[in-house]
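Quick note, the sequences are listed as chains A and B, same order.
So the first sequence is numbered by this note's numbering: it starts at 2 and just counts up by one.
So the second sequence is numbered by this note's numbering: it starts at 2 and just counts up by one.
From the three backbone atoms N, C-alpha and C, an ideal C-beta is built for every residue, glycine too.
The structure appears right after this line, and notes come after that.
There are 2 protein chains.
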Amino acid sequence: MSEHVHRPSEQSGPSTIVDVAKAAGVSVATVSRALRGLDRVSPQTRARVERIAAELNYVASPTATSLASGRTRIVGVVVPFPARWYFAAMVSAIGRALRERGYQVLLFDLERDVFDTRLRLTGSMLWKRVDGVISINIPMTEAELELLAGLHVPVISLGYRLPGRATVAIDDRAAAGTATEHVLSLGHREVAYIGVGRDGADLIQTPLDRLAGFRAALADRGIPVREDWLLPSDWTAEDARDLARTLLADPDDRPTAVVCGSDEMAFGVFMAALEHGLSVPADLSIVGIDDHYLAEVFSLTTVRQDVEAQGEHAVALLLEELAEPGRATRDRDRILPTELVIRSSTALVGDADTPAS
Amino acid sequence: MSEHVHRPSEQSGPSTIVDVAKAAGVSVATVSRALRGLDRVSPQTRARVERIAAELNYVASPTATSLASGRTRIVGVVVPFPARWYFAAMVSAIGRALRERGYQVLLFDLERDVFDTRLRLTGSMLWKRVDGVISINIPMTEAELELLAGLHVPVISLGYRLPGRATVAIDDRAAAGTATEHVLSLGHREVAYIGVGRDGADLIQTPLDRLAGFRAALADRGIPVREDWLLPSDWTAEDARDLARTLLADPDDRPTAVVCGSDEMAFGVFMAALEHGLSVPADLSIVGIDDHYLAEVFSLTTVRQDVEAQGEHAVALLLEELAEPGRATRDRDRILPTELVIRSSTALVGDADTPAS
DNA sequence: CTGAAAGCGCTTACAG
DNA sequence: CTGAAAGCGCTTACAG
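Pasting the structure below:
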């Protein structure tokens, strides 16, 4: 085994920058410059280095590059419920945008245990590991933000507005207002709302804002709010279904329309209606918010938010901040538009052209 | 600004192992050993080092650790459609299992562009960046596996069986068999199947195996297969709904039960049935496979696969392989069980106790 | 049990 | 335009 065998095409072997430098007859510094496209390298030298690097199957060790440069080209994406559609779609959109720019995503799952895990995150998980962070719908305190600042990792908040910080979000209040006004414009006056935040969720803005949007829409038309029809939920489809079962039980006192804080909850209400033999939209109009990937299949009228665009924007902001610290913080709070998508879960009140039970 | 100010609790400042060593009056080697829990460090020394490290807010730079040790403690998770429930749930499960063991997940999104992207993956994205890879439902060729081997990154295949390699999966054939046998046992004889793989998907095992399971179940009972009721689909809920609209259009020639290759497709069939005024399960039984997170809400009878357990197993296998190369490859092919979950989308054939239209 | 030193594989001023 | 050398912050034999 001591014979020196030449194996140039060694199964993508671990060739280093030194190997390339030797083979090209230049210094490692030159290889580094040539391959990274820096100037001050003669075209001929660059071409040769590139060719030899390709032949040797050279790929710079990201770990060494990171240590030397102080940048990892990795961004941490922090998520509370990675398996839920909204978050999964957002992570996917962010990943796509990041990849195009040569970055990768390290996934941080808060596993519902928001506070504890966030603290652990800060200390040992982010330090020198990511260039920046995008947090999705996570209520951050000022103290935590300062900690992150101390670690020198810029953070973009997506979905959760941080006053004075770089944020990308939709106007939840307006979105809920649009959804509500839609059913009001169809003549509905007996309308319930599912999606009031439960205890402990009072830090989360989305439920608060959407509820506010609902109330405001009613107020705008001078319609009184049935407080007992403002239903607190954990925002799962199951819970919404259970709530709706009760809500719709009494034929003599039930709403003609239900506004849901999310499409998933709307799915639950839809099933509860079917169970009660009510047809949608003849007997009950249902409107959601989000435009969940199954909303079209279930013909759900909803207010669409553009997850893709939000991910894109968050990435753009973060990279601006990375390129020029302080930049993204200047023009903060990018609010992206939402849009009413009318499908067939809503109809004019009392419009029983579909045979009701 | 040239005054030397003592700031021991400097906002989680970048203190290095050298700082700790100096403060503790020992060498960096000792700090390293003490903090990593290696032996050959006196209890007193270790205690002091630990205390001082804590005071200095020291966290080892993962990038430096990786370069020195050759291990990143990061595993790449490769996924074709990260926003779809199955994949998102799997990534989440894997992440949880990994985190418990001190690893993190770097997300690789194939973005449908399977072949191209996989090649790029191999070269520059994985090299020296991850200790191992878990690929979810991705058909890998022998050539690609060899490339990965050349990079020295072990790979566990999840959902896609690699002959002779470490694989974690369910028995798709058996799962579909269970689903099919369930409706057969309810007396159904006119049963359709939605979820035959489309062109280009012939490499993906799941559609093939589930279809085979469907056929086998019918064969076991000597029931002939209606070939025109074996519907190719792209496996989205929309597509399944569209297919079912046609399938269910003719009252004189339509199935009494539909077996779906996935729950998402079952949702689509469910909606098509409603559109046709059919009630489920009185007029049509529907059974899915997966136990999608919305399956319970839609009362869908299905064959459950345990995503959590599969993620766990994949992680366990990978870490075994990391600890002892060659180990995981020995006892390959871990097939996890599936389980029939009967809800109310299936009923005895012709059992019209629910008022049919 | 502990330390000095080499090494991991790059990048980055600094010279020339 | 190019090279020699220091440095990034750890880990790992090797001595003692």
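Taking CB distances under 9 Å as the criterion, tell me whether residue 102 (chain B) reaches chain A.
No - not a single Cβ of chain A is within 9 Å of the one on residue 102 (chain B).
Who are the near neighbours of residue 302 (chain B) in its chain, counting only those whose CB is closer than 6 Å to its CB and skipping five residues on each side?
The residues are 288, 343, 344, 346, 347.
Express the C-alpha separation of residue 62 (chain B) and residue 17 (chain B) in angstroms, rounding to a whole number.
Taking the straight line from one Cα to the other gives about 8 Å.
Within 10 angstroms of the Cβ of residue 321 (chain B), are there 16 or more other Cβ atoms? Answer buried if so, exposed if not.
Buried.
Are the C-beta atoms of residue 300 (chain A) and some chain B residue less than 9 Å apart?
It does; some Cβ of chain B falls within 9 Å.
Could you check which residue in A:56, A:33, A:317, A:351 has the C-alpha nearest to that of residue 157 (chain A)?
Comparing Cα positions, the closest option is A:317.
Taking the alpha carbon of residue 269 (chain B) as the point to measure from, which residue in B:217, B:188, B:247 has its own alpha carbon closest?
Looking at the Cα atoms, B:247 is the closest of the given residues.
Which complete beta strand (DSSP E) runs does the region 255-330 of chain B hold, if anything under 3 residues is left out?
Counting whole runs of 3 or more residues, the region 255-330 of chain B contains the beta strand (DSSP E) stretches 258-261, 286-291, 302-306.
Going by other Cβ atoms of all chains shown within 10 Å of its Cβ, with 16 needed for buried, is residue 140 (chain B) buried or exposed?
Buried, because 16 or more other Cβ atoms sit within 10 Å of the Cβ of residue 140 (chain B).
Under 9 Å between C-beta atoms, does residue 117 (chain B) make it to chain A?
Because residue 117 (chain B) carries a pLDDT of 44, less than 50, the predicted location of this residue cannot be relied on, and the following value inherits that uncertainty. So no, residue 117 (chain B) is outside the interface.
Can you give me the Cβ contacts of residue 334 (chain A) inside the same chain, cut-off strictly under 6 Å, excluding the 5 residues immediately before and after it?
Correct list, in chain order: 168.
Helix, strand or coil for residue 18 (chain B)? Go by DSSP, reduced to three states.
Helix at residue 18 (chain B).
Can you have a look at residue 336 (chain A) and say buried or exposed, based on whether 16 or more other CB atoms are within 10 angstroms of its CB?
Result: exposed.
May I have the straight-line CA-CA distance separating residue 417 (chain A) from residue 127 (chain A), to the nearest angstrom?
The structure shown does not extend to residue 417 (chain A), since chain A spans only 2 to 358, so no value can be given for it.
In terms of residue numbering, what span does the alpha helix (DSSP H) encompassing residue 209 (chain A) cover?
Where residue 209 (chain A) is concerned, the enclosing alpha helix (DSSP H) stretches over 206-221.
Which residue or residues does DSSP assign as beta-bridge partners of residue 350 (chain B)?
Beta-bridge pairing links residue 350 (chain B) to no other residue.
Around the Cβ of residue 19 (chain A), are there at least 16 other Cβ atoms within 10 angstroms (buried) or fewer (exposed)?
Under this definition residue 19 (chain A) is an exposed residue.
Using only CA atoms, which one of A:191, A:285, A:94 lies nearest to residue 225 (chain A)?
Nearest of A:191, A:285, A:94 to residue 225 (chain A), Cα basis: A:191.
According to DSSP, which residues form a beta bridge with residue 146 (chain A)?
Answer is none; residue 146 (chain A) lacks a bridge partner.
Using a Cβ-Cβ distance under 9 Å, would residue 137 (chain B) count as near chain A?
By this cut-off, residue 137 (chain B) is not an interface position.
Helix, strand or coil, according to DSSP, for residue 13 (chain B) in the structure here?
Residue placement at residue 13 (chain B) cannot be trusted, given a pLDDT of 42 that sits under 50; what the coordinates show is reported in the next sentence. Looking at residue 13 (chain B) - three-state DSSP - the assignment turns out to be coil, as it is neither helix nor strand.
Quick one: what's got a C-beta closer than 8 Å to residue 266 (chain A)'s C-beta in the same chain, skipping five residues either side?
The answer, listed in chain order, is 195, 196, 234, 236, 237, 238, 240, 241, 289.
If I measure Cβ to Cβ from residue 172 (chain B) and keep anything under 6 Å in the same chain, skipping five residues before and after, which residues do I get?
Within the same chain, residue 172 (chain B) has close Cβ partners 336.
For residue 194 (chain B), which of helix, strand or coil comes out of DSSP?
Residue state, collapsed to three classes: strand.
In whole angstroms, what separates the C-alpha of residue 120 (chain B) from that of residue 163 (chain A)?
Annotation note: pLDDT 43 at residue 120 (chain B) (below 50); position unreliable, coordinate value reported separately. Their backbone Cα atoms lie some 40 Å apart in a straight line.
Looking at the secondary structure, which residues open and close the alpha helix (DSSP H) in which residue 56 (chain A) lies?
Run containing residue 56 (chain A): 44-56, per the alpha helix (DSSP H) assignment.
Answer yes or no: does any C-beta atom of chain B fall closer than 9 Å to that of residue 343 (chain A)?
Judged by the 9 Å Cβ criterion, residue 343 (chain A) is not in contact with chain B.
Report the option in A:80, A:36, A:45 whose CA atom is closest to the CA atom of residue 60 (chain A).
Checking every option, the nearest Cα to that of residue 60 (chain A) belongs to A:36.
Under 7 Å between beta-carbons, which chain A residues line up against residue 130 (chain B)? List them in chain order, please.
Residues of chain A passing the Cβ test: 63.
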